[in-house]
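Here's the structure we're looking at; comments come further down.
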Amino acid sequence: MMEKPGGNRIDHKFKVLKERGEQALIVYVMAGDPDLETTSRLVLELERQGVDLIELGVPFSDPVADGPEIQAAGQRSLASGTTLRRVLGLVGDLRRHTEIPLLLMTYYNPLLRYGLERFAEDSSAAGVDGIIVPDLPMEESGPLGNALQDREVALVPLVAPTTPRERVTRLAASGGGFIYCVSRTGVTGTAGRVEDGLAGYLESIRQCTDRPLAVGFGISGPEHAAQAARYADGVIVGSAVVRLAASYDGYPAGRIAEVGRFVGGIKQALRAT
Numbered sequence: 085m086m087e088k089p090g091g092n093r094i095d096h097k098f099k100v101l102k103e104r105g106e107q108a109l110i111v112y113v114m115a116g117d118p119d120l121e122t123t124s125r126l127v128l129e130l131e132r133q134g135v136d137l138i139e140l141g142v143p144f145s146d147p148v149a150d151g152p153e154i155q156a157a158g159q160r161s162l163a164s165g166t167t168l169r170r171v172l173g174l175v176g177d178l179r180r181h182t183e184i185p186l187l188l189m190t191y192y193n194p195l196l197r198y199g200l201e202r203f204a205e206d207s208s209a210a211g212v213d214g215i216i217v218p219d220l221p222m223e224e225s226g227p228l229g230n231a232l233q234d235r236e237v238a239l240v241p242l243v244a245p246t247t248p249r250e251r252v253t254r255l256a257a258s259g260g261g262f263i264y265c266v267s268r269t270g271v272t273g274t275a276g277r278v279e280d281g282l283a284g285y286l287e288s289i290r291q292c293t294d295r296p297l298a299v300g301f302g303i304s305g306p307e308h309a310a311q312a313a314r315y316a317d318g319v320i321v322g323s324a325v326v327r328l329a330a331s332y333d334g335y336p337a338g339r340i341a342e343v344g345r346f347v348g349g350i351k352q353a354l355r356a357t
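Numbering (my numbering), first residue to last: 85 to 357.
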């Protein structure tokens, strides 16, 4: 594994971007859709196109927070034989080629089956920088959070427009990396526009923490990303990328190139903000 640039790669990346006056582009891809080799090639292409951080989805049979595009991608990934252990192996392989911050987005059940301490140890050894667990309540996050913290892996908290400010403060204090700000309630997926009230919502969160704020759920293209970036430190694009990759009926190289062009356009829009 390549050497870290000092501390957690997520913290380092946001620090560098802040110094440049840029917002982070964070892209979600479902690991193993259609296979892990294609995922590896896609990650490297995303980095080449300017993506700053990457979330690797771990497929799960009951993805309660995911919209139809990501649910379908998860089913394809499971059908190809993807497991949590194999996703950790993918991260280890990627670390021979890249230092881009890599996060796993996973449900809690696979972590319990794996064993929390063993998962934290294996994640750190592979080169994982952060974990996002959408179905893990803060009140039950202590064992996983402590195991990850001991190994400099961030447990990224999620907040929503309905989250009380006192709870936001506690989530920010107990988590690491950045704050995943869900822009609307419901499951993942693209929205018709960035939600009204985003500026006020993010400002209320900033009053509770000095961690970077990244907006996700509903960012579908350059215009949406640029709108959100006016108020946030980063934007997260997921369902739009997963849908584009799934709709491209060509060889993996063509699929990767098409997704690369799409996210490259989003990064250009962010740099122009």
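Just so it is clear, CB atoms sit at the ideal spot from N, CA and C, and this is done for glycine as well.
The structure presented is a predicted model; accordingly, all values stated were derived computationally and were not measured.
Along the region 161-223, the beta strand (DSSP E) occurs as fully enclosed runs of 3 or more residues at 186-189 and 214-216, listed in sequence order. P296 and E287 have their C-alpha atoms roughly 12 angstroms apart. In this structure, R251 lies near M222, with their beta-carbon atoms less than 9 angstroms apart.
Under the Cβ criterion (8 angstroms, minimum of three pairs), the region 211-229 counts as touching the region 136-150. For I340, the uninterrupted alpha helix (DSSP H) run begins and ends at P336 to R355, by DSSP. L186 is positioned such that its CB atom lies no closer than 9 angstroms to that of V148.
In terms of Cα proximity to L242, the closest of S225, G348, G151 and L168 is S225. Counting only runs that start and end inside the region 90-151, the alpha helix (DSSP H) elements of at least 4 residues fall at 93-104 and 120-132. Judged by DSSP in its simplified three-state form, A309 adopts helix. Nearest to G116 by alpha-carbon distance, out of S164, F98, M189 and R125, is S164. Bounds of the alpha helix (DSSP H) holding A257 are R249 to S258.
The Cβ-Cβ distance between D317 and L101 falls below 9 angstroms. Per DSSP, the unbroken beta strand (DSSP E) holding I263 starts and ends at I263 to V266. The C-beta of P143 has 16 or more other C-beta atoms within 10 Å across all chains shown, which makes the residue buried. At the C-beta level, G259 and A238 come within 9 angstroms of one another. DSSP places A316 outside any alpha helix (DSSP H), giving it a letter other than H or E.
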